[in-house]
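Engineer: As given, the protein sequences belong to chains X, H and A, one line each in that order.
Residue numbers for the first sequence follow our numbering, beginning at 659 and rising by one.
Residue numbers for the second sequence follow our numbering, beginning at 57 and rising by one.
Residue numbers for the third sequence follow our numbering, beginning at 559 and rising by one.
Even for Gly, the Cβ is constructed at its ideal location relative to N, Cα and C.
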Amino acid sequence: MSSQPYDVVIGLEIHVQLQTESKMFSWGGTEFGLPPNTQTDPVSLGMPGTLPVMNRKAFELALKTAVALGAKIAPFTKWDRKNYYYPDLPKNYQVSQYDLPFSTGGKLDIPPRKDGGGGGHCALTRVHLEEDTGKLTHGVGEHSEIDLNRAGIPLLEIVGEPEIRSAADARGCLEELRLTLRYLGVSDCEMQEGSLRCDANVNLHIHKDGRTIATPIVEIKNLNSFRAVEKAINYEADRQYEKWKRDGLTIKDAPKGTWGWDDDLERTKPQREKETAADYRYFPDPDLVPVVVDEAWLERVRASIGELPAARRRRYETEHGLSAYDANVLVEQGDDVAAYYDAVVAAGGEPKLASNWIQQDVLRTMKDRKVAIAEFPVKPDALADLIGRVGRKELNTNQGREVLGRMIETGDPAEKVIELGGYKMVSDNDAIAKAVEAALAANPQAIADLKGGKKKPEAVKGFLRGQVMKQTGGKANPALVGELLEARLSELLA
Amino acid sequence: MSLSTEEVAKVAVLARLRLAPEELETFTGQLNAIVDYVAQLQALDTTGVEPLAHGVEVRNVFRDDARGPALPREAALANAPKRNAESFLVPAVLD
Amino acid sequence: MNDLLKDATVTSLLAKLEAREVSSEELVRAYVDRAGALGRLNVYAHLDADRALERARAIDADRAAGRPVGPLGGVPVAIKDVLCVEGEPTTCGSRMLRDFRPPYDATAIVKLREAGAVLFGKTNMDEFAMGSSTESSFHGPTLNPWDETRIPGGSSGGSAAAVAADLAPASLGTDTGGSIRQPASFCGVVGLKPTYGRVSRYGLIAFASSLDQIGPFTHDLADAALLLKVISGRDERDATSVDRPVPDYSASLDRKPESLRIGVAREFFTEGLDPEVESAVREAIRVYEKAGARIKEVSLPHSGYGIPVYYIVAPAECSSNLARYDGTIFGHRAEDWSPRYPGEEDLHPLVRMMMASRAEGFGAEVKRRIMLGTFALSAGYADQYYNQALKVRRLIRDDFDAAFQDVDVIVGPTSPTPAFELGGRSDDLLSMYLSDIYTVTANLAGIPGLSVPCGQTKTGLPIGLQLLAPAFAEESLLRAARVFERETDWHLRRPAIGS
Ligand SMILES: [Mg+2]
Ligand SMILES: [Zn+2]
């Protein structure tokens, strides 16, 4: 990055499918992955005589998103037709928004990178609502197939200013957007399923002899994973620099080009230019009527927006004392997991312990069992109770894990599991001292290793601590085990 | 103003209409006549006049987000000029 | 002619059906026979006699069993071929849609069915409703029942001729710039274009979405009131349909207005107005005066711009509305799209497929309007043409708003001339376009308009009187027209056609 004599200039154009039951203008469904042309209705097929009627939910989800992104909501907005002929567009016009989009401005957060760079935000030009197109599949033979299941699904177009300066930031920005949209419940943002799509406008500002030279802009299409976004931009930046070194062409010498990303070859490649120069002949769609958004409506939208990820991270760090890393892990799991964590803390769970237990035990179990947090059998107050016992040293961590395992299996509260299983942490000095002796007697090689100095002492001690725990059936207070073992070893090694 | 046959030919491609050379001639003449006729509007001063897209102006018409029955695939494809069992077909499009 | 159909109106036929003097099946059979005998008029593009008869029998059975049959129970109504009827050919008079059968009904059709009407035949029309003569149809021209060497007007010429020739007691048409009122005047029947948004456009194959409106053709105002009530109302499938109560137009029709202020717009009596038409309209105004109405001259200063505004707005919308006919999802696809003319080699086969399909599927007038509209919206011209036209459109509506401060309705000629000869204007586009000069402004302003028979030329061609009212004032429009109808007998005249 810094080693190169240029800045990469990136502007993102993002399309997001809104999570509605029915299409933007008609009653057809919005499911992904159904057999071709089984999810259409006469309106979404653009059949003669059919008319669009705006889906209220789609408009409200769009409003919610724009408000959450800090955009300015237009008091008056309308729908325009963007006219162009393409087989995936049944009416040969797309209902979109031209000169009066429902929202302008706003920003996307760019999260800090692991290398410490990044951070800040990227200003938005506009957010508007439009309808999705169908899908064209290029078969092997002389025909292409058209599937119109997707045609008419509500689509939010988010256009960013060219303010991003690295591929990693572009990726981070997009990941943060996905998280925000999932928190808002406006989209599932599955890039593989196309409910989140990204095009990137890329060029370079090359610094040479105190001047800045801009290279021609390339729009990279078909970026269908976060990895692809990052790789494609890096690839394209290198390519543009090498090309500029060869031909010296600048932004003034060439129009914007349209390129695609080849995921297999991991390279960008030019797409065939359109047959005719684009002339979309936008005009207001006479089948639809304008929308007026008043302050009361906006107020209702604002009230429906919960705490967004950035604010939640801040709260976990400042109010709960979590590390930035832990706060981020919890928030990134999504609103439902973070809400679970909040509930554990609200029920008296110590924040750091709660965070650890959720990150390790709860998330792992959810993953193993493929269940959502809502179906996780241990409710927040039960988990708070359990980790309280661990915190008060009634149980050691291993015992806590076992108890949690039983709680998950049986659905019983911690108290009952502990009683039935006889879980109690042994903090009796004599008993633990006996166990230390027994463990040392059973493992003379360990003492030899410590004396010989060939192995790392910490590893050997760790092994011995495990052996002591084993002697106590896992019930010993681990702090006490460490303390007594250490004391005995220093005697032996003195 | 006067539209040339080249300009009219460009409009024809934009409108996806194949025109024979003689049709192009005829249309160029006719379009010029109509365009000249409608050009009288430009003499009107419309400063400060809001465009009117509908005679009857209504606002905020929505439908509820309710899913209805899908059109059976057979019915969806029934009017297609070219199709297979599940899709509409067009001459191959390659990127 | 079968005596049953002599002087028939919807109202008279309903009375006979209710009195069991005739069955719906007999009635439908009589109309089917007459359609066969008068096939030369080319009124019907498609007539499924079996389906109509089956429906008639079902209604007869309901009536016999004492089940409710609806306000039109058993009466045949002809349908302009621009309205979608599930499973029936709906061609719009175009080769493009020759084989199109919609899998849905237009909302107006649903309402007719619910009212017990027997859907009877799809009537011929100008291709995609673009025209004023019904000559541009793929099915060939429809003849005027009053003079078979003349056109019936258009674009709803088939629906007007159907009623005039007693091939149906009523029909539905559509009006974008005068396409109901002008053929009504040419065929000597009543034709009503409702307020924009009064009747749902769902299932009406669009020509110009901001102007199109569905309305009835009938012999008299009582029938028009009846049909209007049936088809009106807000529809959740049409965002531009307006949520307002639908009055009982029939109930109020014969209540004479306590005071009636008739506006006469001087702009409707300009050069180009046929003297016979003018004198018939002037006579009609005297009839109003004698009936106690107050006559007031009003001005619609921008109405002269109606045709130029219309010929930008309507083609612009049509260029987009008709883009979907490209031989992909429905409609005609060319067999051969290999390069034929210079420059085509450079085009992608898909582009050529669409261009060839549209070239074959559309007739000349449709292509002309698509070209005009594409041009008017194109980069560099949109401001000059399309946007300026929308501003003048508002001035036209403001004119009406001002005029209706002083008067209840505005009357004038429906069209400047009576029906012209077949092929008479096909070379002169502008004179064809000008036959809508008095009707287009109502579409641009969204207000309702009505044409009623008000006279005949010396050679026996019908002349129509147009009445215009403020938006959603159909009730007073019909009542005002009824004042004239009550004093005259023009609506009772029928063409003398042999069969
Ligand atoms: Mg298409
Ligand atoms: Zn878009």
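Taking the alpha helix (DSSP H) that Gly716/A falls in, what are its first and last residues?
Structural biologist: Against the third sequence, residue 716/A aligns to sequence position 158. It spans 715-722 - the alpha helix (DSSP H) in which Gly716/A sits, taken as one unbroken run.
Engineer: At what residue ranges does the stretch 956-1044 of chain A contain a whole run of the beta strand (DSSP E), taking only runs of 3 or more?
Structural biologist: As far as the stretch 956-1044 of chain A is concerned, its whole beta strand (DSSP E) runs of at least 3 residues are 967-971, 1007-1014, 1020-1026.
Engineer: Closer than 8 angstroms, CB to CB, is Asp945/X near chain A or not?
Structural biologist: In the first sequence, the residue the question calls residue 945/X occupies position 287. Interface residue, yes.
Engineer: Please go through the same chain and pick out, in chain order, the residues whose beta-carbon is closer than 8 angstroms to the beta-carbon of Pro1168/X, but skip the five residues on each side of it.
Structural biologist: Within the shown structure, residues of chain X are numbered from 659 to 1152, placing residue 1168/X beyond reach of any answer.
Engineer: Going by C-alpha distance, which of Leu946/X, Ile1045/X, Ile1016/X, Leu1044/X is nearest Ile1031/X?
Structural biologist: The residue given as residue 1031/X occupies position 373 in the first sequence. Residue Ile1016/X is the option with its Cα nearest to Ile1031/X.
Engineer: Hey, is the stretch 863-879 of chain A in contact with the stretch 897-917 of chain A, meaning 3+ C-beta pairs nearer than 8 angstroms?
Structural biologist: Touching, no.
Engineer: State whether the stretch 932-945 of chain A contacts the stretch 853-862 of chain A, with contact taken as three or more CB pairs (one from each stretch) at a distance under 8 angstroms.
Structural biologist: With a cut-off of 8 angstroms, the stretch 853-862 of chain A and the stretch 932-945 of chain A do not count as touching, because too few Cβ pairs lie within range.
Engineer: Indicate the three-state DSSP secondary structure (helix, strand or coil) for Pro873/A in the structure shown.
Structural biologist: The count along the third sequence starts at 1 and reaches residue 873/A at position 315. If DSSP states are grouped into helix, strand and coil, Pro873/A belongs with the helices.
Engineer: Output the boundary residues of the beta strand (DSSP E) element that contains Asn859/X.
Structural biologist: The residue labelled residue 859/X in the question sits at position 201 within the first sequence. 854-866 is the extent of the beta strand (DSSP E) around Asn859/X.
Engineer: Taking its Cβ as the centre, do 16 or more other Cβ atoms sit within 10 Å of Val798/X, making it buried, or is it exposed?
Structural biologist: On the first sequence, residue 798/X is found 140 positions in, with the first residue counted as 1. Val798/X is exposed by the Cβ-count criterion.
Engineer: On the three-state DSSP scale, how would you describe Pro774/A?
Structural biologist: Taking the first residue of the third sequence as position 1, residue 774/A is located at position 216. Three-state DSSP puts Pro774/A in a strand.
Engineer: With DSSP collapsed to three states, give me the class of Ile822/X.
Structural biologist: By one-based count along the first sequence, residue 822/X stands at place 164. Here Ile822/X sits in strand by DSSP.
Engineer: Tell me which residue opens and which closes the alpha helix (DSSP H) that Trp902/X is part of.
Structural biologist: In the first sequence, residue 902/X corresponds to position 244, counting from 1. Counting along the chain, the alpha helix (DSSP H) containing Trp902/X begins and ends at 884-905.
Engineer: Just the C-alpha distance for Asp101/H and Thr798/A, rounded to the nearest angstrom, thanks.
Structural biologist: Here residue 101/H refers to the residue found at position 45 of the second sequence. Here residue 798/A refers to the residue found at position 240 of the third sequence. Going by the C-alpha atoms only, they are around 30 angstroms apart.
Engineer: Write down every uninterrupted run of the beta strand (DSSP E) in the stretch 763-839 of chain A whose length is 3 residues or greater and which is fully enclosed by it, in chain order.
Structural biologist: Within the stretch 763-839 of chain A, the complete beta strand (DSSP E) runs of at least 3 residues are 771-776, 819-823.
Engineer: Which residue comes first and which comes last in the beta strand (DSSP E) that contains Asp738/X?
Structural biologist: The residue labelled residue 738/X in the question sits at position 80 within the first sequence. 738-741 is the extent of the beta strand (DSSP E) around Asp738/X.
Engineer: Is Lys736/X close to chain A? Criterion is C-beta to C-beta, closer than 8 angstroms.
Structural biologist: Here residue 736/X refers to the residue found at position 78 when the first sequence is read from its first residue. No, Lys736/X does not count as interfacial toward chain A.
Engineer: I want to know whether the stretch 949-962 of chain X touches the stretch 721-736 of chain X - three or more CB-CB distances under 8 angstroms.
Structural biologist: Taking 8 angstroms as the limit for Cβ pairs, the verdict is that the stretch 721-736 of chain X does touch the stretch 949-962 of chain X.
Engineer: Establish whether the CB of Arg129/H and some CB of chain X are separated by less than 8 angstroms.
Structural biologist: Your numbering for residue 129/H matches position 73 in the second sequence. With 8 angstroms as the cut-off, Arg129/H counts as an interface residue toward chain X.
Engineer: Around the C-beta of Asn1087/X, are 16 or more other C-beta atoms found within 10 angstroms, so that it is buried, or is it exposed?
Structural biologist: Looking up residue 1087/X in the first sequence gives position 429. Flag for Asn1087/X reads exposed.
Engineer: For Ala1012/X and Arg1022/X, what's the separation of their Cα atoms in angstroms?
Structural biologist: Mapped onto the first sequence, residue 1012/X falls at position 354. Mapped onto the first sequence, residue 1022/X falls at position 364. Rounded to whole angstroms, Ala1012/X to Arg1022/X spans 14 angstroms at the Cα level.
Engineer: Kindly provide the chain-ordered list of residues whose Cβ lies closer than 6 angstroms to any non-hydrogen atom of ligand 2.
Structural biologist: Residues with a Cβ closer than 6 angstroms to any heavy atom of ligand 2, in chain order: His673/X, Glu788/X, Glu815/X.
Engineer: Residues in its own chain within less than 6 angstroms of Val989/X by CB, not counting five upstream and five downstream?
Structural biologist: Indexing the first sequence from 1 puts residue 989/X at position 331. Excluding positions up to five away in sequence, the list reads Pro967, Arg970, Arg971, Ala996.
Engineer: Closest to Ser570/A by C-alpha separation, out of Val643/A, Asp778/A, Ser737/A, would be which residue?
Structural biologist: Walking along the third sequence from the start, residue 570/A turns up at place 12. Minimum Cα distance to Ser570/A is reached at Asp778/A.
Engineer: Between which residues of its own chain and Arg925/X is the CB-CB distance below 7 angstroms, once the five residues before and five after are set aside?
Structural biologist: Within the first sequence, residue 925/X is the residue found at index 267, counting from 1. Hits under 7 angstroms: Tyr893.
Engineer: So which residues on chain A does Tyr899/X lean against when the C-beta distance must stay under 9 angstroms?
Structural biologist: Locating residue 899/X in the first sequence gives position 241, counting from the first residue. By Cβ distance, chain A contributes nothing, its closest Cβ being about 33 angstroms from Tyr899/X, past 9 angstroms.
Engineer: State the beta-bridge partners of Thr762/X as determined by DSSP.
Structural biologist: One-based indexing of the first sequence puts residue 762/X at position 104. Looking at the DSSP assignment, Thr762/X forms a beta bridge with Lys730/X, Arg784/X.
Engineer: Have a look at Tyr940/X and Arg1052/A and give me their C-alpha separation to the nearest angstrom.
Structural biologist: The sequence position of residue 940/X within the first sequence is 282, counting from 1. The sequence position of residue 1052/A within the third sequence is 494, counting from 1. So the alpha carbons of these two residues sit roughly 48 angstroms apart.
Engineer: Under 8 angstroms, do Ala766/A and Thr732/A count as touching if we go by C-beta distance?
Structural biologist: Indexing the third sequence from 1 puts residue 766/A at position 208. Indexing the third sequence from 1 puts residue 732/A at position 174. Result no, Cβ atoms of Ala766/A and Thr732/A do not sit closer than 8 angstroms.
Engineer: Would Thr708/X pass as an interface residue toward chain H - the criterion being a Cβ-Cβ separation below 8 angstroms?
Structural biologist: To locate residue 708/X, count along the first sequence from 1; it is residue 50. No, because no Cβ of chain H sits closer than 8 angstroms to the Cβ of Thr708/X.
Engineer: By the three-class DSSP mapping on this structure, what secondary structure does Gln942/A have?
Structural biologist: What you label residue 942/A is simply residue 384 of the third sequence in a count that begins at 1. It is helical.
Engineer: Taking just the CA atoms, how far does Ala823/A sit from Asp757/X?
Structural biologist: Within the first sequence, numbered from 1, the residue matching residue 757/X stands at position 99. Within the third sequence, numbered from 1, the residue matching residue 823/A stands at position 265. Answer to the nearest angstrom: the Cα atoms are 38 angstroms apart.
Engineer: Does the beta-carbon of Val1067/X have 16 or more other beta-carbons within 10 angstroms, so that it is buried, or is it exposed?
Structural biologist: In the first sequence, counting from the first residue as 1, residue 1067/X sits at position 409. Val is not the amino acid found at residue 1067/X; the sequence shown has Glu there. Exposed, because fewer than 16 other Cβ atoms sit within 10 Å of the Cβ of Glu1067/X.
Engineer: With DSSP as the reference, label Asp665/X as helix, strand or coil.
Structural biologist: Start at 1 with the first residue of the first sequence, and residue 665/X comes out as number 7. It is a strand residue.
Engineer: Under a three-way DSSP split, which group does Gln675/X fall into?
Structural biologist: Numbered from its first residue, the first sequence carries residue 675/X at position 17. Strand, per DSSP.
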